[in-house]
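So the structure is just underneath, and the comments pick up after that.
Chains as they are written, first to last, in this note's numbering: chain A, 1 to 335; chain B, 1 to 335; chain C, 1 to 335; chain D, 1 to 335.
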């Protein structure tokens, strides 16, 4: 039985507590938040969980093996640091930290302390992304050439972070897991129309070596919620639409051909699909269920989870570079 | 009765002939294409139209008042030049020319010759765009802050032009009509995974002065066809989805608010819409019907149409700058 | 604080326990199921809830004020009977019972015992249905003429009940709440292609007096899940699509007109919408949250909830008549 | 070259003329309508076509081999009768006639005169329906058990015919082609809320022997246009959605299983799809293109087309029975 203390009970914390509570080999011992009002419901919903406003209560509890940090991004580093120093395993919300430097520090510290460090790249732990990984591995799509990601919704503007820090870790966390590597250079543009000092919309172009181009559009300024990733290969194309309830993945039997045949051109302009489409069955699962299970399993097996410190660090590298490029009008930045 | 000769009967030409034929105050006199096989159907479908492989037949015909050019982009300038020199009114496919220099030359020539020069920015002449113009004018959305355009489909790769020249004129033609001005600077990224020497996907960021940011995503590498423009204002947001048959325009009663209220934050994350949505009635019409009518009307009234030489020139300026930026890894280019 | 015992912890029971647990003025005291394996998770998830396989433990507990019955339909009557006899308030799953006779008996018994009897017509307690009620009351749609309900999905075939008993109570529960009355006659057809002895698909036509015609299509044989109700009035039409996450209700500014004008006919055939569409904002809420809250509130205020014994009895009347008609090849049955 | 005269130039006539004009082996000689105003555009659009208000001009023209009738349903019989008597091949709009008796008369007359008689069951001649025919023949779906058809839109009310005559021939024309037989009994309900004396919405249940149940929902009272047919087989299910532009057919790898396993039950309730879905490629084509081509080919080859007099007669039998049942409150009628 892994005993876990959760720090931060605002928006995401309750989801974490609910999912960890469902596991048979884990137990929430503490929920901590400096805003005591947020903790009011905990005793009724979870009578065995202790609540506190003092993080130290978790750190000093020898029966608490792991700490979950679900606080604002800017506090991830100092709080994660304390948790690791106290010898706790660490589950930390995305993005891992504000800077690569801080992320590297935590990663090293965890290794030194022989503790599990996992970043909550939630989607990495879903059946849909697992299925995409399997499809890519099988070379069904041929060689990947282009990936187009859109992650937009109506968001409340946040003063302590920009939309890149908020949404891009989802895309680049998944890409890191699928591709096993980071982009080589980044160019980003965007805007902050409400003058909050934080970008509310961004378009991030990422080059992975010479042959793979990726774009991620993240926005808080959209009236509709979109969550799509399109993978274009030499043989087929794959559409991953996370808002679809039963057809999350569609594989189009389509490779683009170079032709000047006007008849074929006409057909394509009108019909634009030339082969069959297959939508594989994906089991239904809450993303966080997979992530919380992976963390506990990593502690038990002493094996690094898919979204470990290195993955977290790499993703911070991308969003740090994207923010930098954006503030230089799209200048290409090496990662 | 305006008599019109059409040059180019490949993909788009038949649509132009069909639409001009429906007008009561216009008549197609000639259809010309160097590929005579393409003309085989014309006598059967349109017994009164003459066919030829020789452009000069149109130019020398004193009864032909106007020429429509629907040939590859690289030929627009020389052929348009001939038509204007011959004293014909000119309807030219988008993009008007390959370069701003050429576009300016044609615009001046048309003015000198007192002939109508119209570029086929088809969507400018649709009821949907007219409705958006009316909504923007009424200040229903407040002040425009951000416009996000997506125009993707599976396209046959073309060796003589890139995806920017093929698709971006639609977006920037509409934007020019709606905003009455051109961007001040452009940054673009993209890729040509099939090594055709022509970009197959591009992401174009355009700054309109300090306060309006626009992005246009154009791609031939998408398994699904998307045609959307999202207008974000200080008061409301408007979604224009041209693939929708009956709800092309949706206006969301939503202004983004700057808040740290966690309860509201939670509500928005889950529900993400906070006001009502209205979809105005848009009459059904083929885009080209409006464009062909506008051309004939411009000739009759001697008044410049909405998509005149200046509009065409400005749009060429954008796509020229975008292509230039793209080949410099996203460097910001002044328009 | 209302103390509640839950009987039945199969598919729906866990949702009931979860929702009642969230209320601040209620507490689950017992969860009971004859299949003890189903109860295994309860102590871990809800340490203060007692579990048992013996219904009598709940009935005899003086501190348990109310009983929730989430068992197979055929057991609703005998178990509900026991609960009311023991003096408990009763929350019973839909459909209330197998027969009108049984439903009437329970309703009378509850009245005699001065206990709250509520049937779980879940959707009655959602913001969307509340909004529709408000719209109908305001006469925005004019006079209601026709209502078309579709409720289909891929269902596991059940041997103890047909699809009418499973799905139609949702439609007719909502209709009873909105219209305040029951149909006057019913005609139904359907089929049981898998020879389970239970209909797997049914089409129910219901006449409400002379001027309102309703159809409900319920099916376990659909590859896609549909949950729609269309309300056709003399002035406008309303579409309620429960599968839509953010635009559950759409009001179409459209009254059908009787015309022979061929031009208008043509326009309608092509465009088929002649006025604007408005989608009001609906707060996001889990249906069961409203239902559980309504039950506790009814006990506290001693006022009958919206889906009380009479509503439950009326709905059983409809599904009983529909099943009868179906087995007589669609013969019209008076309700 | 088959010479064709078209009678009726209201809503559908222009589409017929346009499609027949595109064929290389047919020619429109006459367009006739008693409303001369409707013919005003013809000379401009089709300079070689003669116009007239007198049907006899077509019948007496020895160079006109075939007649197309696109007039109101009630005139189909007398006008078709005249055409066949005059020795013309006959292409007649759906439904073929008002009564089975009239349909049989025309069918016999055509046989006697050795002329082609074809009814315009347009969808029978589309690539999508051809693909479904091929899939059914291959037994991919197993044995057909249930077919659910929905064909609704906002319709202008017509005083001379009900919605069954207007829309149901599409469904039952396709079903006749796919199944090769007619239903054995029919039960229908519906309503005419606007008191036009003609039903505006109808629900038609059709039994094909013991083992196949079909339902067709036709309506002029829907704010949204729906065109779906769901084919449920013992092995798989097929969804045909004619409003989809690129995924008209989806095959779901799903057979319903009879189980009481609560875990599987839960999974299905949430996820409701258990296998993969495949959408085959369907070439894009206008339905009427196939129908007009089939007529000309039938004349040339002297072979009956797919939608011949017998098919037309059978479909009239269904809609006649449905209307009869509807006026007897859903009484089952033998076809």
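The C-beta atom is built at its ideal place from N, Cα and C for all residues, glycine as well.
Bounding residues of the beta strand (DSSP E) (the contiguous stretch that carries residue i)
i	result
residue 5 (chain A)	2–7
residue 144 (chain C)	144–154
residue 223 (chain D)	221–233
residue 114 (chain D)	That residue, residue 114 (chain D), is in no beta strand (DSSP E); it is neither H nor E in DSSP.
residue 124 (chain C)	Careful: residue 124 (chain C) lies outside any beta strand (DSSP E) and carries neither H nor E.
residue 93 (chain A)	89–93
residue 296 (chain B)	Segment 287–301 is the alpha helix (DSSP H) holding residue 296 (chain B); no beta strand (DSSP E) there.
residue 242 (chain C)	Here residue 242 (chain C) belongs to no beta strand (DSSP E), and DSSP marks it neither H nor E.
residue 279 (chain C)	277–279
Range covered by the alpha helix (DSSP H) that runs through residue i
i	result
residue 60 (chain B)	55–60
residue 319 (chain C)	309–326
residue 250 (chain D)	Unbroken run through residue 250 (chain D) is the beta strand (DSSP E), 249–252; no alpha helix (DSSP H).
Cβ-based burial, residue i [other Cβ within 10 Å; buried from 16]
i	result
residue 277 (chain A)	buried
residue 53 (chain A)	exposed
residue 126 (chain B)	buried
residue 169 (chain B)	buried
residue 36 (chain C)	exposed
residue 292 (chain A)	buried
residue 180 (chain A)	exposed
residue 273 (chain D)	Only weak support is given to the placement of residue 273 (chain D): the predicted model assigns it a pLDDT of 44, under 50, and the question is left unresolved by the model.
residue 139 (chain B)	exposed
residue 182 (chain D)	buried
residue 338 (chain D)	Past the boundaries of the shown model lies residue 338 (chain D); chain D is included only from 1 to 335, so the question cannot be answered.
residue 424 (chain D)	Here chain D comprises residues numbered 1 to 335, so residue 424 (chain D) is not present and cannot be evaluated.
residue 328 (chain A)	exposed
residue 115 (chain A)	buried
residue 94 (chain B)	buried
residue 190 (chain C)	buried
residue 248 (chain D)	buried
Heavy atom of the ligand ADP within 7 Å of residue i beta-carbon
i	result
residue 117 (chain C)	With respect to the ligand ADP, the structure shown offers nothing to examine, as it has no ligands at all.
Close beta carbons around residue i, own chain, < 6 Å, minus the five adjacent residues each side
i	result
residue 106 (chain A)	80
residue 295 (chain B)	91 and 118
residue 285 (chain C)	127
residue 147 (chain B)	214 and 231
residue 5 (chain C)	29, 30, 58, 64 and 67
Residues of its chain near residue i, where Cβ-Cβ distance is below 7 Å and the 5 sequence neighbours each way are ignored
i	result
residue 269 (chain C)	In this prediction, residue 269 (chain C) has a pLDDT of 45, which is less than 50 and means its spatial position is unreliable; nothing more can be read from the coordinates.
Beta-carbon contacts of residue i that lie in its chain and below 8 Å, excluding the five residues immediately before and after
i	result
residue 142 (chain D)	233, 234, 235, 236 and 255
Query raised in the report: At a Cβ cut of 8 Å, what residues of the segment 136–148 of chain A count as close to chain B, listed as they run along the chain?
Result: Cβ proximity to chain B below 8 Å picks out 145, 146 and 148 from the segment 136–148 of chain A.
Report task. Pick out the complete alpha helix (DSSP H) segments inside the segment 161–211 of chain C, 4 residues or longer, and give them in chain order. Result -> The qualifying runs are 163–179.
Query - Residues, ordered as in the chain, of the segment 99–127 of chain B that lie near chain C by beta-carbon distance below 7 Å - result: Near chain C, meaning a CB-to-CB distance below 7 Å, no residue of the segment 99–127 of chain B qualifies.
Query raised in the report: Which ranges does the alpha helix (DSSP H) cover as unbroken runs of at least 4 residues, wholly within the segment 11–83 of chain D, from first to last along the chain?
Result: Fully enclosed alpha helix (DSSP H) runs of 4 or longer: 13–22, 42–45 and 55–60.
Report task. Name, going along the chain, the residues of the segment 206–233 of chain D whose beta-carbon falls closer than 9 Å to a beta-carbon of chain A. Result -> Answer in chain order: no residues at all.
Report task. Taking only beta carbons into account, state which residues of the segment 67–92 of chain B come closer than 7 Å to chain A, listed in chain order. Result -> With the criterion set as a beta carbon lying under 7 Å from some beta carbon of chain A, the segment 67–92 of chain B has no members that meet it.
**Report entry** Contact set between the segment 42–57 of chain C and chain A, restricted to residues whose Cβ is under 9 Å from the partner
**Finding:** Only 44, 45, 46, 47 and 48 from the segment 42–57 of chain C bring a Cβ to less than 9 Å from some Cβ of chain A.
**Report entry** Under 8 Å (Cβ pairs) to chain A, residues found in the segment 181–204 of chain D
**Finding:** For the segment 181–204 of chain D, the set of residues with a beta-carbon nearer than 8 Å to any beta-carbon of chain A is empty.
Requested in this report: Please list the residues of the segment 6–30 of chain C that have a C-beta atom closer than 8 Å to any C-beta atom in chain B, keeping them in chain order.
Outcome: If you check each beta-carbon in the segment 6–30 of chain C against every beta-carbon of chain B, none falls closer than 8 Å.
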